[in-house]
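Numbering (the numbering used here), first residue to last: 10 to 770.
These notes concern the structure reproduced below.
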């Protein structure tokens with residue numbers, strides 16, 4: 010057997026049919042499901058994923074089939090297809106009191122365009138206490154089968170719920186031994202064929218007594234008797250009287266027949282021989298059952314009989330054949346009775362926000378009974394529970410104690426029974442009063458996102474419009490935002506909650522931010538409304554929606570700008586002994602650097618961010634910087650170097666090194682002007698060892714000051730002060746040599762230096 014090589018990675022493709030699936034669907038993949046392979050780790054063979062399957066067809070929200078609605082509050086609500094390809098449709102609604110939609114009561118919405126989530130049409134005030142039919146059809150193809158259809162009852166009272174008029178509509182989810190008609194639902198009528206067949210000796214010497222194709226007794230020579238209860242078709246007695254071999258059998262049979270009660274049917278067949286001679290008591294007993302031919306029976310004749318106590322000759326079935334004819338005697342009859350018991354059951358009724366009561370209308374004659382049974386599936390445990398069982402005469406049951414939170418939908422079962430097969434109870438109508446449930450709905454059309462492609466660390470804002478498409482207020486609304494993680498499944502990142510009611514036909518808009526973090530690639534997010542399934546809803550398949558965001562990796566390195574007392578230096582520049590060094594970080598990542606991503610060294614020693622007397626201070630970023638760090642060291646005289654390493658969230662890094670020197674005494678160095686000679690202006694430049702207030706005074710060679718240039722507070726290092734070649738009055742002085750003196754003063758100390766400039770025009 011070939012073994013796969015170590016480290017082999019392979020894949021497979023499976024076609025998953027999604028027919029009849031909508032909403033959140035969980036798919037699970039299991040490797041080595043039979044556990045036939047010995048593995049180092051048996052815990053990594055299972056992976057689950059939740060998929061939101063969008064509906065490609067219209068779904069009914071209201072009215073539910075056989076809904077009972079106040080006549081002036083009828084609204085038809087249809088959830089539109091959720092797929093883009095199916096969303097652009099037009100619909101026309103019709104309501105009428107006839108299923109053919111041809112009566113004068115018919116109403117039409119006219120063509121309606123689909124909306125992002127649902128189509129809602131108010132039918133206006135309808136006729137009261139009427140069974141209405143409705144349909145949604147394509148107005149461009151009105152003769153085709155409707156997209157959706159149903160029926161509802163317009164109530165003259167402010168009652169909502171479910172109602173079935175069984176005199177007009179006897180359809181059911183299940184039934185046994187019952188039938189519908191103009192009177193309502195009744196027990197079935199059973200037709201039970203009766204066969205009595207007699208054969209004397211020359212005709213075959215046998216007897217058969219059967220009902221509905223089943224023999225009722227084992228027959229033998231003589232008279233074979235079966236007694237049936239006419240009201241139930243039950244066999245109450247079977248006897249065989251061998252009058253040929255036992256003289257006492259004649260008397261015993263006469264006594265037996267005399268004790269037959271009213272409403273009992275007697276079936277008799279002779280096998281072989283049934284002659285008794287002149288036995289008056291015997292013949293009178295038979296004649297009390299309606300027989301007129303029993304006295305004709307001779308040796309080995311055939312005789313079959315069906316009768317009952319007090320019957321006349323016209324009411325019985327009797328057949329006689331002589332032995333010489335060699336022909337059997339046969340009688341046939343049909344016993345027609347209602348089934349003893351039967352039941353009718355509804356489909357699920359609801360969902361309800363609150364249950365109120367059951368009301369029914371029925372005729373229950375004597376000797377019959379009708380029992381109402383209420384059962385439901387427990388939403389929490391999944392167990393089927395019988396909640397109520399009643400044969401109450403009042404024909405109304407209070408449901409206030411049935412918790413709708415546990416039993417959102419119920420089933421009714423009417424059990425019918427009779428003790429007299431000739432009469433039946435009749436169920437004419439039944440209804441359930443309840444407060445309908447809300448229906449919270451979302452779909453791709455009501456979820457928008459600020460961007461579908463972002464950089465790692467960036468933020469996307471999702472806006473979700475949650476609709477209550479139901480008929481009642483939702484007391485509160487919970488939302489769950491999750492992101493799919495292949496290693497742990499779905500990870501929750503937000504749980505918005507609305508603690509105030511959301512009325513029917515209202516919208517709650519939720520905005521939620523999501524940060525992409527550091528993981529690049531296509532990301533899948535799942536939004537679930539009512540994640541704990543706390544709210545009973547008409548549709549549970551419209552509570553989830555997914556979104557996808559592509560997260561680009563960060564491949565651009567960050568940049569660093571370092572300034573010393575607000576100026577950038579070159580290698581070897583002078584820097585103040587107590588400088589304010591600003592380290593500005595620039596990056597395209599939306600995640601600003603923190604202490605873990607900016608490292609600072611001074612003269613090879615790492616500067617810590619959490620020193621007791623910190624010299625590193627975070628500043629408010631400005632001018633597009635992602636972060637600004639203020640470094641305030643105390644520097645000794647001499648040469649120094651500063652190093653900064655900046656790493657962004659994408660792992661890109663930048664390194665900067667500055668070399669500079671410090672002199673603690675205030676000095677002016679490298680004084681000169683450029684250009685020199687000059688015609689229109691010149692720059693007076695110098696280096697200063699410490700920050701100071703600086704001014705420049707311009708003199709003629711005779712010592713007269715013609716101009717003073719104030720530079721104010723000036724940083725240590727290189728400085729250039731421009732002179733436009735004019736005097737204090739703005740006039741141009743004559744060509745010649747001019748002297749300039751730079752004066753710097755700081756902390757009680759002062760220094761100055763002289764230079765010479767030549768003006769030539």
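Quick reminder that beta carbons are idealized off the backbone N, C-alpha and C, glycines included.
Query raised in the report: Rounded to a whole number of angstroms, what is the C-alpha to C-alpha distance between residue 450 and residue 345?
Result: 55 Å
Query raised in the report: Nearest to residue 335 by alpha carbon, out of 209, 249, 614?
Result: 209
Requested in this report: Helix, strand or coil for residue 334, going by three-state DSSP, please let me know.
Outcome: helix
Requested in this report: Between the Cα of residue 314 and those of 646, 563, 218, 277, spot the shortest distance and give me the residue it belongs to.
Outcome: 277
Query raised in the report: Under 7 Å, do residue 257 and residue 251 count as touching if we go by C-beta distance?
Result: no
Query raised in the report: Taking the alpha carbon of residue 633 as the point to measure from, which residue in 192, 195, 570 has its own alpha carbon closest?
Result: 570
Query raised in the report: Quick one: what's got a C-beta closer than 6 Å to residue 714's C-beta in the same chain, skipping five residues either side?
Result: 706, 708
Query raised in the report: Apart from the five residues just before and just after residue 183, which ones in its own chain have a Cβ nearer than 7 Å to its Cβ?
Result: 354
Report task. Classify residue 10 as buried or exposed, calling it buried when 16 or more other Cβ atoms lie within 10 Å of its own Cβ. Result -> Since pLDDT at residue 10 reaches only 49, below the 50 mark, its modelled position is unreliable, and the value read off the structure follows with that caveat. Flag for residue 10 reads exposed.
Query - Residues sharing a beta bridge with residue 407, DSSP - result: 366
Query raised in the report: If you draw a straight line from the alpha carbon of residue 246 to that of residue 386, how long is it in whole angstroms?
Result: 45 Å
Query raised in the report: Since residue 583 and residue 672 are thought to touch, with beta carbons under 8 Å apart, how far apart are those beta carbons, to the nearest angstrom?
Result: 7 Å
Query raised in the report: Should residue 454 and residue 125 be called a contact, given that it needs their Cβ atoms to be closer than 7 Å?
Result: yes
Query - Pair within 7 Å by beta-carbon distance, residue 771 and residue 439 - result: With the chain covering 10 to 770 only, the question about residue 771 has no answer from this structure.
**Report entry** Residue range of the unbroken beta strand (DSSP E) whose run includes residue 101
**Finding:** 99 to 105
Query raised in the report: Are residue 87 and residue 132 closer than 7 Å when you measure CB to CB?
Result: no
**Report entry** Euclidean distance between Cα positions of residue 636 and residue 628
**Finding:** 7 Å
Report task. Pull up the distance between the alpha-carbon of residue 240 and that of residue 369, whole angstroms please. Result -> 27 Å
Report task. May I ask which residues mark the beginning and end of the alpha helix (DSSP H) holding residue 259? Result -> 257 to 267
Requested in this report: Pick out whichever of 311, 170, 617 has its Cα sitting closest to the Cα of residue 233.
Outcome: 311
Query raised in the report: Cβ atoms of residue 362 and residue 4: under 7 Å apart, would you say?
Result: The chain is shown only over 10 to 770; residue 4 falls outside these bounds and no answer can be derived.
Report task. Report all residues from its chain with a CB closer than 7 Å to the CB of residue 544; omit the five preceding and five following residues, and keep chain order. Result -> 447, 449, 483
Requested in this report: Below 8 Å CB to CB, which residues in the same chain sit around residue 396 once its five sequence neighbours on both sides are set aside?
Outcome: 383, 384, 385, 411, 416, 419
Query raised in the report: Closest by CA to residue 360, which one among 758, 750, 763, 70?
Result: 70
Query raised in the report: Do the segment 648 to 661 and the segment 684 to 694 make contact, defined as three or more Cβ pairs closer than 8 Å?
Result: no
Query - Whole runs of the beta strand (DSSP E) within the segment 638 to 715, excluding any shorter than 3 residues - result: 647 to 656, 662 to 671, 677 to 683, 691 to 697, 701 to 709
Query raised in the report: Relative to the C-alpha of residue 403, which residue among 216, 296, 372 is closest?
Result: 372
Query raised in the report: Would a C-beta distance cut-off of 7 Å place residue 170 and residue 443 closer than the cut-off?
Result: yes
Requested in this report: Pull up the CB-CB distance for residue 302 and residue 337, whole angstroms please, since I reckon it's below 8 Å.
Outcome: Not confirmed; about 15 Å, so no contact.
Requested in this report: Under the assumption that residue 557 contacts residue 532 (Cβ atoms under 8 Å), give the Cβ distance between them as a whole number of angstroms.
Outcome: 7 Å
Query raised in the report: What residue range is occupied by the uninterrupted beta strand (DSSP E) comprising residue 174?
Result: 170 to 174
**Report entry** Inter-residue Cα distance where the pair is residue 318 and residue 262
**Finding:** 15 Å
Query raised in the report: Over what stretch of residues does the alpha helix (DSSP H) that includes residue 289 continue unbroken?
Result: 289 to 296
**Report entry** Of the residues 539, 213, 614, the one placed nearest residue 229, counting alpha carbons only
**Finding:** 213
Query raised in the report: Excluding five sequence neighbours on each side, which residues of the same chain lie with their C-beta closer than 7 Å to the C-beta of residue 464?
Result: 561, 563, 597, 598, 599
Query raised in the report: Is residue 695 near residue 680, with beta carbons less than 7 Å apart?
Result: yes
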